[in-house]
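Note that this note's numbering has the sequence shown beginning at 1, numbered continuously upward.
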Amino acid sequence: MVRKHLITRLRNLTRPASHLHSHCPNFLQTRRHFSDAPPPPASALPPPPPASNVHSKSSLNQTELNKFASIADTWWDAEGPFKPLHVMNPTRLAFIRSTLCRHFRKDPHCTRPFEGLKFVDVGCGGGILSEPLARMGATVTGIDAVEKNIKIAHLHAELDPITSSIDYCCTTAEKLVEEQRKFDAVIALEVIEHVAEPAEFCKSLSALTDSGGAILISTINRSMRAYATAIIMAEYVLHWLPKGTHEWSSFLTPEELVLILQRSSVSVQEMAGFVYNPLTGRWSLSDDIGVNFIAYGTKNNE
């Protein structure tokens with residue numbers, strides 16, 4: 001469970017927006033590097049990318065889409081490029097189950113606590129999150145901009161009568177907004193660091209959420225520790241992920257994510273970190289949001 005002092009700290013961050021501005025100037029327009037210490041200069045290691053990115057009107061980033069299209073066939077290979085997500089999935093689901101059962105006043109000990117609720121899994125990939133959500137009773141829509149991901153998700157979901165009901169679509173959050181779709185909960189895990197416009201992306205997530213509904217976003221902190229672990233160790237040393245999977249300049253700090261969501265009519269209620277134990281090979285929830293973290297927010301009443 002998330003500790004109370006972390007929740008208090010988070011709520012304090014959401015109040016003085018002007019204070020956040022002073023520490024994060026213009027981050028919605030350009031990425032910034034930490035000012036306290038630049039990445040270590042080592043020719044054998046990949047330097048963090050330039051702080052600025054070229055933005056498009058859509059939140060889609062075609063380069064990122066191409067990366068995931070190239071490894072789409074491996075989504076359900078538990079020892080393949082998506083192994084870190086498979087290992088992390090039980091911990092992600094524990095946070096989702098806990099927060100959403102409280103939010104919707106459901107029994108967390110029930111086998112299918114999300115019965116009668118509509119969820120959308122944005123950037124669903126091959127469906128490794130959508131499927132357990134469906135097994136917990138939710139009516140799930142899974143969307144991804146990579147057509148190969150959706151095909152893989154469809155094929156795998158058909159193996160189980162329960163998951164075969166998942167509505168997979170090759171589309172974007174922006175297009176669902178145009179269709180005036182609404183959901184009880186909008187979930188986007190490990191996605192926002194791969195989009196071109198995080199602020200616009202969050203506006204779309206908010207627009208898809210029913211008034212009083214819930215939003216969950218997980219991502220990687222733009223910290224030096226995240227650069228060392230999520231990029232150098234995971235991609236270049238341990239080879240858990242293909243090289244180039246992440247760009248350090250595309251990560252968001254927790255403070256930035258809180259402010260972006262605040263501007264999108266979403267109030268962050270809880271935040272937790274994911275911490276990996278190399279001895280057990282498992283992830284656990286923690287107060288430590290220095291690297292991987294997840295935020296749960298509520299859509300403000302309109």
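In this text, a Cβ means the ideal position worked out from N, Cα and C, and glycines have one as well.
Keep in mind it's a predicted model, so treat the numbers as computed, not measured.
Assuming residue i and residue j form a contact by the criterion Cβ under 8 Å, report the distance between their Cβ atoms to the nearest whole angstrom.
i           : j           : result
residue 88  : residue 274 : 6 Å
residue 201 : residue 192 : 6 Å
residue 195 : residue 85  : With a Cβ gap of about 17 Å, residue 195 and residue 85 do not count as contacting.
If distances are taken between C-alpha atoms only, which option among the options comes closest to residue i?
i           : options            : result
residue 131 : 147, 112, 146, 148 : 112
residue 172 : 125, 72, 214       : 125
residue 285 : 94, 82, 83, 81     : 94
residue 301 : 256, 270, 207, 249 : 207
residue 315 : 209, 258, 295      : In this structure the chain extends from 1 to 302, so residue 315 is not present and cannot be described.
residue 120 : 187, 110, 77, 109  : 187
Along the chain, where does the alpha helix (DSSP H) that runs through residue i open and close?
i           : result
residue 83  : 83 to 103
residue 177 : 173 to 178
residue 214 : Looking at the DSSP string, residue 214 is not in any alpha helix (DSSP H); the run it does join, the beta strand (DSSP E), is 209 to 220.
residue 134 : 130 to 135
residue 257 : 254 to 263
Quick one: give me the first and last residue of the beta strand (DSSP E) that residue i is part of.
i           : result
residue 151 : From DSSP, residue 151 is part of no beta strand (DSSP E) but of the alpha helix (DSSP H) over 147 to 157.
residue 119 : 118 to 122
residue 183 : 183 to 189
Would you identify the three-state DSSP class for residue i, choosing helix, strand or coil?
i           : result
residue 270 : strand
residue 78  : coil
residue 50  : Confidence in residue 50 is poor, its pLDDT being 46 and thus under 50, which makes the residue's placement unreliable; the coordinate value appears in the next sentence. Residue 50 falls in the coil class under three-state DSSP.
residue 225 : helix
residue 65  : helix
residue 237 : helix
residue 192 : helix
residue 203 : helix
Any heavy atom of the ligand COA within a distance shorter than 7 Å of the CB on residue i?
i           : result
residue 117 : With respect to the ligand COA, the structure offers nothing, as it holds no ligand at all.
- Task: Would you check if there are 3 or more beta carbon pairs closer than 8 Å linking the stretch 164 to 177 to the stretch 134 to 149?
- Result: yes
- Below 8 Å, can you find three or more Cβ-Cβ pairs linking the stretch 219 to 226 to the stretch 287 to 298? yes
- Three or more beta-carbon pairs under 8 Å between the stretch 149 to 162 and the stretch 95 to 103, yes or no? no
- Query: Within the chosen definition, does the stretch 67 to 76 reach the stretch 206 to 223 through at least 3 CB pairs nearer than 8 Å?
  - Reply: no
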